[in-house]
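In our numbering, the protein residues as written are 9 to 260. Beta carbons are placed, not taken as given, at the ideal position from N, Cα and C, and that holds for glycine. Just below is one structure, and these are the notes that go with it.
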Amino acid sequence: MKLISWNVNGLRAVAAKDGFAWVSGLKPDFLGLQEIKVKEADVPSEIYKLGFNEISVNSAVRAGYSGVMSLSKFNTATQKSLFFNDDEGRVLEHRFGNVALFNIYFPNGQKDDARLAYKMDFYAKFLAYIDALVAQGLDVIFCGDVNTAHREIDLKNPKANAKTSGFLPIERAWLDEVVAHGFIDTFRQAHGDVADAYSWWSYRFNARAKNVGWRIDYFFISQSLKNRLKDAFILDNIGGSDHCPVGIEIEL
Numbered sequence: 009m010k011l012i013s014w015n016v017n018g019l020r021a022v023a024a025k026d027g028f029a030w031v032s033g034l035k036p037d038f039l040g041l042q043e044i045k046v047k048e049a050d051v052p053s054e055i056y057k058l059g060f061n062e063i064s065v066n067s068a069v070r071a072g073y074s075g076v077m078s079l080s081k082f083n084t085a086t087q088k089s090l091f092f093n094d095d096e097g098r099v100l101e102h103r104f105g106n107v108a109l110f111n112i113y114f115p116n117g118q119k120d121d122a123r124l125a126y127k128m129d130f131y132a133k134f135l136a137y138i139d140a141l142v143a144q145g146l147d148v149i150f151c152g153d154v155n156t157a158h159r160e161i162d163l164k165n166p167k168a169n170a171k172t173s174g175f176l177p178i179e180r181a182w183l184d185e186v187v188a189h190g191f192i193d194t195f196r197q198a199h200g201d202v203a204d205a206y207s208w209w210s211y212r213f214n215a216r217a218k219n220v221g222w223r224i225d226y227f228f229i230s231q232s233l234k235n236r237l238k239d240a241f242i243l244d245n246i247g248g249s250d251h252c253p254v255g256i257e258i259e260l
């Protein structure tokens, strides 16, 4: 099964530029989109022609902000966040078989101290929630824009960004905790410490062409799925957003 995640940074703009043309070739079974910035009623018609059986949307209360969408070729029991007051449209949880699959747009902490606190609260509550699911015997997968680079190898300029949200010690420590709790960073599991592998680039300073980027988009899986992981990949040839898609192939 092929699962792909992509922060589109505005669904309508990507759809208008035929930014999903790659879907017909790669044929993902599941596509999780973040930062769609639209209400469900305003989803572009092109999205419904991509060949998915199930489409779910969680939009922010605030117009033109945040929001996630999941497109699936298989049926799931879908719900919005059960662990956080999600008026920002950040979470879709899908249950099928013994699997709990999450498509999440994690908060960005760059605006001010209040937003950083919000981000860390979200992080803590989410980890507690998925820990409980694993304790119940469920297989857990979460994907999306985590808005934090984990290690120095995960961004081009770690020293210059040591005091920037997205690479703060407190944020990186949460990803340490995720790994310590048994969740696996699938890209590192598949490719080890390969360098210069990024999923986000600033629109400024020609950063993408120079590959001055950050790896902040992930697929994590629970230990129970470790031996079912077949591959993990970054589709950095796909444009249309400041992020590129990332994905995994896994037996489910």
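- Separation of the CB atoms of K45 and L79 is rounded to 16 Å, and the pair is thereby denied contact status at 8 Å.
- Between L243 and P253, the C-beta gap is smaller than 9 Å, which places the two residues in contact.
- Residue state for A240 is assigned as strand, using DSSP reduced to three classes.
- For A203, same chain residues with a beta-carbon under 8 Å away, outside a window of 5 residues either side, are I161 in chain order.
- L233 sits in a helix when the DSSP states are folded into three classes.
- The segment 222-230 makes contact with the segment 190-200; the number of CB pairs closer than 8 Å reaches 3 or more.
- Using a Cβ distance threshold of 9 Å, E101 and Q87 count as a contacting pair.
- Cβ atoms of I256 and V154 stay farther apart than 8 Å, at about 15 Å.
- For M77, the enclosing beta strand (DSSP E) begins and ends at V76 to S80.
- W222 places its beta carbon less than 9 Å from that of L163.
- Under the rule that a run must span 3 or more residues, the beta strand (DSSP E) segments found entirely inside the segment 45-121 read 62-66, 76-80, 85-87, 99-104 and 107-113.
- Residue environment analysis places K167 among the exposed positions, since fewer than 16 neighbouring C-beta atoms fall within 10 angstroms of its C-beta.
- Secondary structure of K10 (DSSP, three-state): strand.
- When the Cα atoms are used, F241 and G117 turn out to be separated by approximately 26 Å.
- With a threshold of 16 other beta carbon atoms within 10 Å, L90 falls short and is exposed.
- In the structure shown, the three-state DSSP call for V22 is helix.
- Here I161 carries a helix assignment [DSSP, helix/strand/coil].
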